[in-house]
Amino acid sequence: MPSASCDTLLDDIEDIVSREDSKPQDRHFSRKHVVPKVRRRNTQKYLQEENSPPSDSTIPGIQKIWIRTWGCSHNNSDGEYMAGQLAAYGYKITENASDADLWLLNSCTVKNPAEDHFRNSI
Numbered sequence: 001m002p003s004a005s006c007d008t009l010l011d012d013i014e015d016i017v018s019r020e021d022s023k024p025q026d027r028h029f030s031r032k033h034v035v036p037k038v039r040r041r042n043t044q045k046y047l048q049e050e051n052s053p054p055s056d057s058t059i060p061g062i063q064k065i066w067i068r069t070w071g072c073s074h075n076n077s078d079g080e081y082m083a084g085q086l087a088a089y090g091y092k093i094t095e096n097a098s099d100a101d102l103w104l105l106n107s108c109t110v111k112n113p114a115e116d117h118f119r120n121s122i
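UniProt numbering numbers the first residue of the sequence shown as 1 and each following residue consecutively.
Structure follows, in structure tokens:
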């Protein structure tokens, strides 16, 4: 077991610096010889990407969401909270499932009747 390296005890981390280590002046002097290489971007490529219209349909305020909740009062509270968050973000909450772009089904998996209603709705 090599224990020789652990025999010396240092009082402070600053004791690790030895005389052979480079001084701050030497490090700054060697930086003067470093020349950065400038790389130019293909600006035309980036301009085309910025001007392209969004291709996904995640723009808030366009989609309608139908929310259905089964289970205990905690689930009802969670459903109301989610509806409030979605409405604040710009989504329209609808009462008609056939008008909705997305269904948010919130069910309690502890209560069997709630889970059965959930499965039947799917």
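Each residue gets a CB set at the ideal place from its N, CA and C atoms; glycine is no exception.
Excluding five sequence positions before and after residue 109, the CB atoms of its chain that fall closer than 8 angstroms to its own CB belong to 115, given in chain order. From the listed residues 24, 26, 94, the smallest Cα separation to residue 61 is found for 94.
By the Cβ neighbour-count rule, residue 91 is buried, with 16 or more other Cβ atoms within 10 Å of its own.
In the DSSP assignment, residue 106 falls within the unbroken beta strand (DSSP E) covering 102-106. Apart from the 5 residues on each side of it in sequence, residue 122 sits with its Cβ closer than 8 angstroms to the Cβ of 105 in its chain, given in chain order. In this structure residue 79 is in contact with residue 67, their Cβ atoms being roughly 6 angstroms apart against a cut-off of 8 angstroms. In this chain, the beta strand (DSSP E) harbouring residue 65 covers 64-69.
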